[in-house]
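Reading through the structure tokens given below for one structure.
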Amino acid sequence: MPYLSLVIWIPILGGLVVFAAARIPKLDVRWIALFFAVLVFGLSIPLYTEFNIHTAAMQFTEKLPWISAYHVNYFLGVDGIAMPMILLTTFTTILVVLAGWKVIQYRLGQYLAAFLIMEGLMNGVFAALNAMLFYLFWEAMLIPMFLIIGIWGGPRRIYAAIKFFLYTFIGSVLMLVAFIWLYLYSGSFNIIDFSHLQLTPTTQILLFLAFFMAFAVKVPMVPVHTWLPDAHVEAPTGGSVILAAIMLKMGAYGFLRFSLPVTPWASMRLQWLMMGLSLVAIIYIGLVALMQKDMKKLIAYSSITHMGFVTLGFFSVFMIWANTHSLDAGRLAVEGGLVQMISHGLVSGALFLCVGVLYERMHTRAIGEYGGVINTMPKFGYFFLFFALANSGLPFTSGFVGEFMVTLGVFHANFWIAVLAAVALITAASYSLWLVKRVVFGKVTSSRVAALKIISPREILILALLVLPTLLIGIYPEIILRVMHASVTHLLLQVVPAAMG
Amino acid sequence: MEAILLVILLGPLAASAVILLGGEYFGRRVAHTLAISAVFISFVLSLYVLYQGIWGGMGRIEQTLYVWGFGGPYQFTLGFLIDRLSALMMAIVTFVSFAVHVYTIGYMADDSGYKRFFGYIALFTFSMLLLVMADNFLQLFIGWELVGLVSYLLIGFYLKKESAIFAGLKAFIVNRVGDFGFFIGIATVLYFAGSLNYETVFSQAGLIAGKHIWITSHLAVSGATLIGILLFVGAMGKSAQIPLHIWLPDSMEGPTPISALIHAATMVTAGVYMVARMSPIYSHSLLAMTLVMVVGASGAFFLGLVGIVQTDIKRVIAYSTISQLGYMTAALGAGAYAGGIFHLMTHASFKALLFLGAGSVIIALHHEQDMRKMGGLWKRMPITYITFWAGSLALIGFPGFAGYFSKDAIIDAIAHSVTPGAGYAYWMVLLGVLVTTLYTFRMIFLTFHGKPRMDAHTWEHVKESPWVVTFPLILLAIPSVFLGGIALGPLDYGNFFGTSIVNRIGDNPLSLGAADFHGAWQFFLQGFTTPAFYLILTGIAITWVCYIWKPGLPAALRRRFWPIAVVLERKFFFDEIFIGGIARSGRELGTFLWRFIDAGIIDGLVVNGTARLVGASSRVIRRLQTGYLYHYAFVMVVGLAVMVGWLIWR
Chain F
14 MPYLSLVIWI PILGGLVVFA AARIPKLDVR WIALFFAVLV FGLSIPLYTE
64 FNIHTAAMQF TEKLPWISAY HVNYFLGVDG IAMPMILLTT FTTILVVLAG
114 WKVIQYRLGQ YLAAFLIMEG LMNGVFAALN AMLFYLFWEA MLIPMFLIIG
164 IWGGPRRIYA AIKFFLYTFI GSVLMLVAFI WLYLYSGSFN IIDFSHLQLT
214 PTTQILLFLA FFMAFAVKVP MVPVHTWLPD AHVEAPTGGS VILAAIMLKM
264 GAYGFLRFSL PVTPWASMRL QWLMMGLSLV AIIYIGLVAL MQKDMKKLIA
314 YSSITHMGFV TLGFFSVFMI WANTHSLDAG RLAVEGGLVQ MISHGLVSGA
364 LFLCVGVLYE RMHTRAIGEY GGVINTMPKF GYFFLFFALA NSGLPFTSGF
414 VGEFMVTLGV FHANFWIAVL AAVALITAAS YSLWLVKRVV FGKVTSSRVA
464 ALKIISPREI LILALLVLPT LLIGIYPEII LRVMHASVTH LLLQVVPAAM
514 G
Chain G
7 MEAILLVILL GPLAASAVIL LGGEYFGRRV AHTLAISAVF ISFVLSLYVL
57 YQGIWGGMGR IEQTLYVWGF GGPYQFTLGF LIDRLSALMM AIVTFVSFAV
107 HVYTIGYMAD DSGYKRFFGY IALFTFSMLL LVMADNFLQL FIGWELVGLV
157 SYLLIGFYLK KESAIFAGLK AFIVNRVGDF GFFIGIATVL YFAGSLNYET
207 VFSQAGLIAG KHIWITSHLA VSGATLIGIL LFVGAMGKSA QIPLHIWLPD
257 SMEGPTPISA LIHAATMVTA GVYMVARMSP IYSHSLLAMT LVMVVGASGA
307 FFLGLVGIVQ TDIKRVIAYS TISQLGYMTA ALGAGAYAGG IFHLMTHASF
357 KALLFLGAGS VIIALHHEQD MRKMGGLWKR MPITYITFWA GSLALIGFPG
407 FAGYFSKDAI IDAIAHSVTP GAGYAYWMVL LGVLVTTLYT FRMIFLTFHG
457 KPRMDAHTWE HVKESPWVVT FPLILLAIPS VFLGGIALGP LDYGNFFGTS
507 IVNRIGDNPL SLGAADFHGA WQFFLQGFTT PAFYLILTGI AITWVCYIWK
557 PGLPAALRRR FWPIAVVLER KFFFDEIFIG GIARSGRELG TFLWRFIDAG
607 IIDGLVVNGT ARLVGASSRV IRRLQTGYLY HYAFVMVVGL AVMVGWLIWR
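First to last, the sequence lines map onto chains F and G. Residues are numbered in this note's numbering as their position in the first sequence, beginning at 1, plus a constant of 13. Residues are numbered in this note's numbering as their position in the second sequence, beginning at 1, plus a constant of 6.
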């Protein structure tokens, strides 16, 4: 079965069906959308169960000629780095459909269609092995997201949507230039071929910077991160969830798929920049997150600090090698970064859903308007607390695993880098639990909080669905690590010697 | 044996999960029966394991449960390491936990969160056992953080009480500061040993001590020293050592059973247990041991002083706990690891007893904790009164009571210690005895003696607590009186822990004192000739004068020596420094970075500035496209003229 094609095109087809069906009066398109979302998730499960964990080669590959004149092929395949991202995407989409169930009143059909189409395109990004195909999915994905923010967003949605679009688009255009240059140089758009090129130092630096612009904006890294809080604040809940859970991962994925293998020497030369910016994200943004007055902004900033661990882990491998003459700790750090990506997808997605639950009832995200929510919504209060704790990296939740592995890994690079990274233990606990203290605990502060309705079974289902993998990865991370080992080892065996010359 | 260990560990977890997740489907009786039977089973089985460890020739059990994950080539597992050290801790934890579970039935009888409370304390028992039974640093850290989580949940148990919620947050964050050090310590272990498994790490302890890491370009630190110091930072948080002790007094906002179980007997001793467990590493670093001893001994004396001026009965006991933890820590630093563990054990029983006794008083007075509104209770609450005396005498180390044996052995060990700084530490722990007596007897006299100072209505209703409250008091009073004499010989002078605790040759001060040790009876008789005994008598005399004979004296003294009183009442200004200083500057820095750099420079100047620049230049350039043909024709003519001119005159 061509599972990859199915997880790309079935949701797009589903989106079109939902879009068309929305015109039929009295037809509940939500069930159609849910059907497609669950179907696609089901189709993505064999990607995990039939995955061969002993090889680093691309699996489930499909290759069809497309624009032969320019060697643009329809070429799909996943390794242990991409496959978990597809699972995360298909899983998250179910939650997003459920989350929009009652909330979205305006053009519900189009809303759900946009998410389904976006799901297919995002799966395409993770599955594409041809650079032009990758670029196509990458850019096409912006359109539904732009619409979701621009149509279903909050009061400043236009500003946020345009800021989001311009930021990411400027980066992507440079990536396109890099692709075209690589094609002209090598005669191929095959991503795997790119990593075998012998590029001169200057070329590598230029290519690295072009990729950097595209991916750093997506991650986002400081200082190109300011679109994220605005986009999150204005986006509807579902948009925020996808943005945090999946889109941010694409930047990190791009670093692993392009920057490290294609420009290893430049990655090593500019590791100070990457690690420096990552540490700035962890510490500086951690402090900024602490002082946010808007719940969504707080979670958005906390996303940036968590993604800082991902990029820190990825780009520490050269320094680890230089210090220990071994890839061991580098593998630890990179795998830690990958787990952090998955975990952040679950936890930040869940936190945005929690904020959505509150926003739906009180129509405000201002922390100061809340207080004592646990007295009126006890179950919700504990869900919120649980995800806040996961966000602060509590052991036995997934939030701990990545930070643990990355910190232990980068210690092998430099003592002080590990110390600075570990500061997140303090800042994350501070902003997460201070948020809980102000919103969830305490006396009921206003009549509006007193009038809050308890969460519905649907909302419990959504949040419970996220509790399970968060705990599972926390208690038994090998379940997700096992698919990564071969691919990460292969990647580092290729990248580090190439950089060291 | 593996099955038994699993039941000990997972029984409380299962009970907790059932109560917390399914609590709405059954009543209170089911909830407390579940929790208590799980903990009781754990307790009985732990006793069995301890019995096997002492008389059954169990040896050392190492058992891997499952592979948590591979990070690259590193294998991280969860598993058990059961030797006499962990078996003793398991018995202590489950014993106190069991007593507190029973007590909770009475103490929380009127609380709407009854079932939730049982769910939490069962979860705590699981987490603490996870920590104690660990055979690797990962599991140690997991348990370490989970007990912190439950502590956070239970301090903030009264969900509407702002001060309690704040105290919970404070406890969690201050502990996280400690865990920050602990975490880096674990990373250091992996760096030097390539594994997080205790056995593997300890077997390389000598090698680790020989390796160095460059902290700055001029400063290289040995692996053992760095690991020792960083792990101790974690212990400072969890075991409330200066300066990270500031969360413990506030944790008294939580229900009293919690103060007894978590914030006196078990969780706060995790740091002591951890350092003892890490003795193979600490014994390679005199520097780390000096730090441990000096910090511990300073806390034992100075923070005990703060207890003298507290008016809340629970806070007096809280400062007493900090001070006693200081004794244990000082013993560890002196190299008397077994002495620290011994005091941990006796302290667990007498301090839990004191807290539960205080709780009994608090219920009788309808949740009044201010000692200034107590007094004269001894007639109405005989069981509480007598057991409270037993706990108090054990606490001050009165000869014959459990605390005497453990504490006097520590003072003796520090006197013999070769760790640098032992001279200072000796005076701190010795004078600490006077301080302990002062706050303890002040508490007894204010609470139980003198004239009743509560209102008449409350006084009329004062009565002894029900059996579920007094039974645990009696249960805990037994070891508080007898445990010391029984355990002193084997634990401190009998190499009880075998190879679990490692000293370098010649630096175990207990073994130096062992030559003078001729049985517990002799040790008891010597107790009446030590300087510590005279300090105790002095302390009792002073408090008797101040609180029974001339009750106006303390106020007069306070007026006369007000600067000292202010320093003590403000608790050496630690809270001002941490909350007003560090936490506040963190928040202000956050605001500055956000407003000035994020919103100001990046968004205001660069992003929106670029947008404005593009907009403004477009407005200018737009003028060129006027649409009038003659404008364009004019520009073309001028351009042509310039080009022709350039061609001619170049």
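Quick reminder that beta carbons are idealized off the backbone N, C-alpha and C, glycines included.
Around the beta carbon of phenylalanine 143(G), 16 or more other beta carbons lie within 10 angstroms, which makes this residue buried. The contact set of tyrosine 489(F) on chain G, defined by CB atoms closer than 8 Å, consists of Tyr72, Trp74, Gly75 in chain order. Cβ-Cβ distances below 8 Å link tryptophan 384(G) to Tyr391, Phe454, His455 in the same chain, with the five nearest sequence neighbours on each side left out; the list follows chain order. Pairwise C-beta distances place the stretch 545-562 of chain G out of contact with the stretch 426-437 of chain G, as fewer than three of them are shorter than 8 Å. Taking C-alpha positions only, proline 255(G) is separated from leucine 309(G) by approximately 11 Å. With respect to threonine 105(F), isoleucine 317(F) sits apart: the two C-beta atoms are not nearer than 8 Å. If you check the CB distance, alanine 153(F) and valine 190(F) do not come in under 8 Å. Under the DSSP assignment, histidine 353(G) falls in the alpha helix (DSSP H) whose first and last residues are 343-370.
Ranked by how close their Cα comes to the Cα of phenylalanine 523(G), the residues Ile219(G), Gly500(G), Ser398(G) have Gly500(G) in first place. At a Cβ-Cβ threshold of 8 Å, serine 245(G) and threonine 272(G) do not count as neighbours. Spanning the alpha carbons of phenylalanine 64(F) and leucine 210(F) requires a straight line of approximately 28 Å.
For the pair glycine 339(G) and glycine 305(G), the CB atoms are not nearer than the 8 Å cut-off. Close to chain G, meaning a Cβ-Cβ distance shorter than 9 Å, are the following residues of the stretch 446-467 of chain F: Leu446, Trp447, Val449, Lys450, Val453, Phe454, Gly455, Lys456, Val457. Residue contact with chain F for valine 183(G): present (Cβ-Cβ distance below 8 Å to some residue of chain F). Per the Cβ contact rule, the stretch 146-160 of chain F is not in contact with the stretch 113-120 of chain F (fewer than 3 Cβ pairs under 8 Å). Comparing C-alpha distances from alanine 128(G) to each of Ala23(G), Asp116(G), Gln145(G) shows the shortest one belongs to Ala23(G).
The beta-bridge partner set that DSSP reports for tyrosine 87(F) consists of Leu77(F).
Judged by DSSP secondary structure, tryptophan 527(G) falls outside any beta strand (DSSP E) and instead within the alpha helix (DSSP H) spanning 525-532. Beta-bridge partners assigned by DSSP to glutamine 69(G): Phe86(G). Three or more Cβ pairs drawn from the stretch 173-186 of chain G and the stretch 235-245 of chain G lie within less than 8 Å of each other, which places the two stretches in contact. A buried status is given to glutamate 348(F), since no fewer than 16 other beta-carbon atoms sit within 10 Å of its beta-carbon.
Residue nearest to threonine 377(F) within the set Val423(F), Lys309(F), Arg344(F), Gly321(F) is Lys309(F) (criterion: CA-CA distance). Cβ proximity to chain G below 9 Å picks out Tyr297, Ile298, Gly299, Leu300, Val301, Ala302, Leu303, Met304, Gln305, Tyr314 from the stretch 294-320 of chain F. Here proline 233(F) is buried. Its C-beta has 16 or more other C-beta atoms within 10 Å.
It is roughly 15 Å from the alpha-carbon of leucine 619(G) to the alpha-carbon of isoleucine 608(G). The beta carbon of glycine 93(F) lies closer than 8 Å to those of Phe64, Ile66, Ala69, Val496, Met497, His498, Ala499, Ser500, Val501 in the same chain, with the five residues before and after it left out. Residues of chain F with a Cβ closer than 7 Å to the Cβ of arginine 593(G) are, in chain order, Leu303, Met304. The secondary-structure analysis by DSSP pairs glycine 77(G) across a beta bridge with Tyr80(G). Secondary structure of histidine 238(F) (DSSP, three-state): coil.
A contact between stretches requires three or more CB pairs, one per stretch, nearer than 8 Å, and the stretch 430-443 of chain F fails this requirement with the stretch 7-19 of chain G. Nearest C-alpha to alanine 248(F) among Leu29(F), Ala95(F), Phe177(F): Phe177(F). Remark: three or more beta-carbon pairs, one from each stretch, lie closer than 8 Å, so the stretch 148-155 of chain G and the stretch 131-139 of chain G are flagged as touching. Judged by beta-carbon spacing, isoleucine 467(F) lies within the 8 Å limit of lysine 392(F), meaning their Cβ atoms are closer than that value. Judged by DSSP secondary structure, alanine 226(G) falls within the beta strand (DSSP E) whose first and last residues are 226-228. Distance from the CA of valine 102(G) to the CA of leucine 91(G), rounded to the nearest whole angstrom, comes to 17 Å.
Comparing alpha carbon positions, the residue from Ser361(F), Leu311(F), Leu340(F), Ala426(F) closest to methionine 332(F) is Ala426(F).
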